[in-house]
Amino acid sequence: MDKSFEPTAIESKWYAAWEAAGDFAPHGDGEPYCILLPPPNVTGTLHMGHAFQQTIMDLLIRYHRMRGCRTLWQGGTDHAGIATQKIVENQLAANGQSRHDLGRTAFVERVWEWKQESGSTITRQMRRLGASIDWSRERFTMDEGLSAAVRRVFVQWYRDGLLYRGRRLVNWDPVLMTAVSDLEVDNQEKDGSLWSIRYPASDGSTSLVVATTRPETMLGDVAVAVHPEDERYAHLVGKTLTLPLTGRQIPVIADAYVEREFGTGCVKITPAHDFNDWQIGLRHGLAPITVLTLDAKINDEAPEKYRGMDRFAARKAVLADLEAQGLLVETKKHKLQVPVSQRSEAIIEPMLTDQWFLDLTSDTRVDGKPGPGGRKAITEPALAAVRDGAIRFVPENWSTTYNQWLENIQDWCVSRQLWWGHQIPAWYDEAGNIFVGEDAADAIAHAGTPPVGALRQDEDVLDTWFSSALWPFSTLGWPNPGDTREAGHVVANWTTDQAFLPSAVLVTGFDIIFFWVARMVMATQYFTGKVPFREVYINAIVRDAEGQKMSKSKGNTIDPLDLIDGISLEDLARKSTASLLIPQVREKVEKRIRKDYPNGIAAVGTDALRFTFAALATYGRTINFDLKRAEGYKAFCNKLWNAARFVLMNTDTGAAAGTIHSADRHAPCTAAEQWILARLRATLAEVEAQMRVYRFDLVAQALYEFVWNEYCDWFVELAKPALQGSDAQAAASTRHTLLRVLEAALRALHPITPYITEEIYQTVAPRLGLTPASVLQRPYPRAADFACDDAAASADIEWLRAVLTQIRRIRSEMNIAPGKEIPLLYAHGSAEDRARADRLAAQIGFLAKAQSPRWLAAGAAEPAAAAAIVGELKLLIPLAGLIDLDAEKARLAREIQRLEGELAKASAKLANFGERTPDHVVEQERQRIAEFGATIAGLREQAQRLAAA
Numbered sequence: 001m002d003k004s005f006e007p008t009a010i011e012s013k014w015y016a017a018w019e020a021a022g023d024f025a026p027h028g029d030g031e032p033y034c035i036l037l038p039p040p041n042v043t044g045t046l047h048m049g050h051a052f053q054q055t056i057m058d059l060l061i062r063y064h065r066m067r068g069c070r071t072l073w074q075g076g077t078d079h080a081g082i083a084t085q086k087i088v089e090n091q092l093a094a095n096g097q098s099r100h101d102l103g104r105t106a107f108v109e110r111v112w113e114w115k116q117e118s119g120s121t122i123t124r125q126m127r128r129l130g131a132s133i134d135w136s137r138e139r140f141t142m143d144e145g146l147s148a149a150v151r152r153v154f155v156q157w158y159r160d161g162l163l164y165r166g167r168r169l170v171n172w173d174p175v176l177m178t179a180v181s182d183l184e185v186d187n188q189e190k191d192g193s194l195w196s197i198r199y200p201a202s203d204g205s206t207s208l209v210v211a212t213t214r215p216e217t218m219l220g221d222v223a224v225a226v227h228p229e230d231e232r233y234a235h236l237v238g239k240t241l242t243l244p245l246t247g248r249q250i251p252v253i254a255d256a257y258v259e260r261e262f263g264t265g266c267v268k269i270t271p272a273h274d275f276n277d278w279q280i281g282l283r284h285g286l287a288p289i290t291v292l293t294l295d296a297k298i299n300d301e302a303p304e305k306y307r308g309m310d311r312f313a314a315r316k317a318v319l320a321d322l323e324a325q326g327l328l329v330e331t332k333k334h335k336l337q338v339p340v341s342q343r344s345e346a347i348i349e350p351m352l353t354d355q356w357f358l359d360l361t362s363d364t365r366v367d368g369k370p371g372p373g374g375r376k377a378i379t380e381p382a383l384a385a386v387r388d389g390a391i392r393f394v395p396e397n398w399s400t401t402y403n404q405w406l407e408n409i410q411d412w413c414v415s416r417q418l419w420w421g422h423q424i425p426a427w428y429d430e431a432g433n434i435f436v437g438e439d440a441a442d443a444i445a446h447a448g449t450p451p452v453g454a455l456r457q458d459e460d461v462l463d464t465w466f467s468s469a470l471w472p473f474s475t476l477g478w479p480n481p482g483d484t485r486e487a488g489h490v491v492a493n494w495t496t497d498q499a500f501l502p503s504a505v506l507v508t509g510f511d512i513i514f515f516w517v518a519r520m521v522m523a524t525q526y527f528t529g530k531v532p533f534r535e536v537y538i539n540a541i542v543r544d545a546e547g548q549k550m551s552k553s554k555g556n557t558i559d560p561l562d563l564i565d566g567i568s569l570e571d572l573a574r575k576s577t578a579s580l581l582i583p584q585v586r587e588k589v590e591k592r593i594r595k596d597y598p599n600g601i602a603a604v605g606t607d608a609l610r611f612t613f614a615a616l617a618t619y620g621r622t623i624n625f626d627l628k629r630a631e632g633y634k635a636f637c638n639k640l641w642n643a644a645r646f647v648l649m650n651t652d653t654g655a656a657a658g659t660i661h662s663a664d665r666h667a668p669c670t671a672a673e674q675w676i677l678a679r680l681r682a683t684l685a686e687v688e689a690q691m692r693v694y695r696f697d698l699v700a701q702a703l704y705e706f707v708w709n710e711y712c713d714w715f716v717e718l719a720k721p722a723l724q725g726s727d728a729q730a731a732a733s734t735r736h737t738l739l740r741v742l743e744a745a746l747r748a749l750h751p752i753t754p755y756i757t758e759e760i761y762q763t764v765a766p767r768l769g770l771t772p773a774s775v776l777q778r779p780y781p782r783a784a785d786f787a788c789d790d791a792a793a794s795a796d797i798e799w800l801r802a803v804l805t806q807i808r809r810i811r812s813e814m815n816i817a818p819g820k821e822i823p824l825l826y827a828h829g830s831a832e833d834r835a836r837a838d839r840l841a842a843q844i845g846f847l848a849k850a851q852s853p854r855w856l857a858a859g860a861a862e863p864a865a866a867a868a869i870v871g872e873l874k875l876l877i878p879l880a881g882l883i884d885l886d887a888e889k890a891r892l893a894r895e896i897q898r899l900e901g902e903l904a905k906a907s908a909k910l911a912n913f914g915e916r917t918p919d920h921v922v923e924q925e926r927q928r929i930a931e932f933g934a935t936i937a938g939l940r941e942q943a944q945r946l947a948a949a
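For the sequence shown, our numbering assigns the number 1 to the initial residue and increments by one for each residue that follows.
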């Protein structure tokens, strides 16, 4: 092994070897274990959320693979309709072109070309992370097989009376010119205004005042609503008002939706431009009036003077005209939630458009025919799956979110006005009749009546989440030509891939429980009769070290590959500001980068990053990623590497090296060996228990404690007396145990840190006579494999550790050089203490560098000494002649004075903090003050001991 651990060379070597050997494919006849990768956007790049989530999935896959399961990590990418189309449209715009200049066919071909160019970027990055996906089965949501599944599902749902086309209100992006899902909309708090407008009664007798944040939409008002029990307006219900600027007469209606206490208690109703108003309009039979075009300009339904105006220009014109007519009562500043498109950053408009919907709400089919109703056929089984325990959420509280969404579900708008995606398999004849089928011929054959004139295919594509909803079964080969219908679902004549449905666990974020998780449950149950997965592990969201959401505009995002490989300050600053258009934002971000990373980011390697993620994976809603944690786990990797080098150097000794693998010749014969085997057994039992409940943080903690503290710090040290002693049997058994426990630790760590464990394993395995070519092919170690019943030996070593720890503490506090021998006296103590002191005298002398430890005679006066207590035993280290007392007293006095100065500065700084000082800054200063105080108290205690010497 090389002298130092160099992650880069190791990582590039081993991942290529594993993939080439086919190690990631399902093997053997063990119990099937499958995880579905949430398919990332084909044009995307790896971010911290991906890296965290994929570390968890890979940890599970490698663990179960080593436990003998026939594992499949099903990977693939999503075509990401809006995101991908926008990228290519931006490329065309840079050359002065639009997609309409190319036409649909040529544009789609252009997108496929872009997909081929950039589509493998994220999968290459996933390989860098160590993701052991079976790449031979990689799927794409628009590949031939998945496209066939999409058509089959759409056609079947339509023929079952569950899909329909209708005119409904949807989220509309006026820049992209398409409907978008709620997940693609961010509700951002912005400074706005609340305008109060007077609506005169038609007979001129009175007026009502309504408040609105979007006055331009009043041009489409169809009513004003008041609460049914509001006595102020009861006499006006049923009468009409004159809508300002239009002259239209609109009714006053009563609806319980109105909050009497809010504002004036009067609400303008614009069903074509507000989701709540749409529902009110339906209840009262109000015909909606659309006053905006699809690109958010005022249309011909409005008075002529406003037509063609952009919505915000129209807002100014409307307000000016209202003020001129004396109808603008009041303007107030107002904080409001504004829906903004994630893709175009345009403000979303509720828009009345013709779309395709999946019926998820009614109890009867939309065509009125006998058969399964929408809610009964799709939504209710999905609720029952969680209620009856077929699917379990981890943490369990997320099942409440899932249930609430399904219980309050709305019909799903599945159509998008894009060119990139699965074109809807529906055709229209010249009379407007709809024909649905897997192709035009199939559509006509199932229609019952011939089309009138030529057919044209629907130009819309399906929502990206539609194909994603089929991921659990479409990736496994569904449908096959021989599929049949039984008991309300499609039964596929699959291959053995059926064994991977349901998959074991889905690892995903809480933000897509409805958009993806619930839809997979609904679709998979409907078409296969099975649940898609048995458990859903909801991972936390990664935030920065201060708990803030990661954002490019804040300058707190980190590219996981920059952590793995390292990056200079200049490159990091350039990369972080490259996509920021506003100069002030760029300057702010660069300033933060230079403050947070003055020396850039040093490479930590993949293993250290993965260990960091595992250690942070609690049941919490968020995790705070701190670069210092990653640096700490890089130190852990170095510690393991150095310990392995020590073990290998001490087991490559002549004849012993050739027989080290003979376990029966080298049964554990020292107390230290018995102890480390007992600790290994307990650690593995803890790992197994925590893996069952997805507490990866506790798995990482258990392995860290064992490897760093118990194996590297203690057992390696405890082994030295035996290795350097005259007892050949003890030396041989110790060498074997060093290797045996190291090899087990490598296997236990492998799911978290695959690269370093594989590299070390290659040298350790031959020493133990192991033939598997890779640690991947070894079984995961189990507690039962390391039986150790010598509790007395383990107790002896725990006592020895306590004694050595106290002696080392005194050495450190008294500034005694590590290599200097010390006198050691025992006082008091039990009979067991005396017996252990005798049994372990050689180890204490060797490891504590103590000169012939002896017991203080009963009744003898204790010399001036540094003391420590272990149970009933008192340890004394006489100081006379050991250190220069005067020099040490002077050093301590200087250090106490320096720290008191620092404490005074920190206290003054804290006292000067104001109300606007961020909480984390205040807490940081309080922590510094506490640390200064604790250190000063310890130094003063030390000085007192020296004064008594």
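Every residue, glycine too, gets a C-beta built ideally from N, C-alpha and C. All figures in this text were calculated on a predicted structure; none of them were measured in a lab.
Counted as a single uninterrupted DSSP element, the alpha helix (DSSP H) harbouring residue 283 occupies residues 275-284. For residue 139, DSSP records a beta bridge to 76.
The three-state secondary structure of residue 131, taken from DSSP, is coil. The continuous stretches of alpha helix (DSSP H) do not include residue 235, and DSSP gives it neither H nor E.
Assignment of residue 47 by DSSP, reduced to helix, strand and coil, places it in the coil class. Counting C-beta atoms within 10 angstroms of its own C-beta, residue 235 has fewer than 16 neighbours from the protein chains shown and is therefore classed as exposed.
Between residue 405 and residue 513, the CB-CB gap stays under 9 Å. Within 10 angstroms of the beta-carbon of residue 772 lie fewer than 16 other beta-carbons, which makes it exposed.
Residue 309 sits in coil when the DSSP states are folded into three classes, being neither helix nor strand. Looking at the backbone, the Cα of residue 145 and that of residue 479 are separated by about 8 Å.
Around the beta carbon of residue 280, a 10 Å sphere encloses 16 or more other beta carbons of the protein chains shown; the residue is thus reported as buried. CA-to-CA, the gap between residue 612 and residue 731 works out to about 36 Å.
Of 758, 708, 838, 775, the smallest CA-CA separation from residue 799 is found for 838. One alpha carbon belongs to residue 79, the other to residue 525, and they sit about 24 Å apart. Excluding sequence positions up to five before and after residue 896, its CB lies within less than 8 Å of the CB of 936, 939, 940, 943, all in the same chain and listed in chain order. Residue pairing for residue 539: DSSP places it in a beta bridge opposite 509. DSSP lists no beta-bridge partner residue for residue 824. Contact between the segment 134-143 and the segment 572-580 is absent, with fewer than three C-beta pairs closer than 8 Å. Cβ atoms of residue 243 and residue 133 stay farther apart than 8 Å, at about 60 Å. Comparing alpha carbon positions, the residue from 497, 223, 878, 826 closest to residue 25 is 497. Beta-bridge partners of residue 254 (DSSP): 226.
The C-beta separation of residue 85 from residue 465 comes to about 16 Å, leaving the pair out of contact by the 8 Å criterion. Distance from the Cα of residue 863 is smallest, within the candidate group 872, 871, 877, for 877.
Bounds of the alpha helix (DSSP H) holding residue 739 are 728-749. In the three-state reduction of the DSSP assignment, residue 466 falls in the helix class, which pools H, G and I.
Secondary structure at residue 753: coil, using DSSP grouped into helix, strand and coil.
Proximity to residue 861 across 250, 827, 560 peaks at 827, based on C-alpha coordinates.
In terms of CA proximity to residue 437, 157 leads the group 157, 822, 748, 776. According to the DSSP assignment, residue 850 belongs to the beta strand (DSSP E) that extends over 850-855.
Separation of residue 588 and residue 580 (C-alpha to C-alpha, rounded to the nearest whole angstrom) is 11 Å. Under the DSSP definition of a beta bridge, residue 392 partners with 535. Between the alpha carbons of residue 173 and residue 298 lies a distance of about 16 Å.
Counting of Cβ neighbours within 10 angstroms places residue 151 among the buried residues, the total reaching 16 or more.
Straight across, the Cα-Cα distance linking residue 635 with residue 641 is about 10 Å. In the structure shown, residue 637 falls within a helical segment according to DSSP collapsed to helix, strand and coil.
Proximity of the segment 846-859 to the segment 718-731 meets the contact definition, three or more beta-carbon pairs being nearer than 8 Å.
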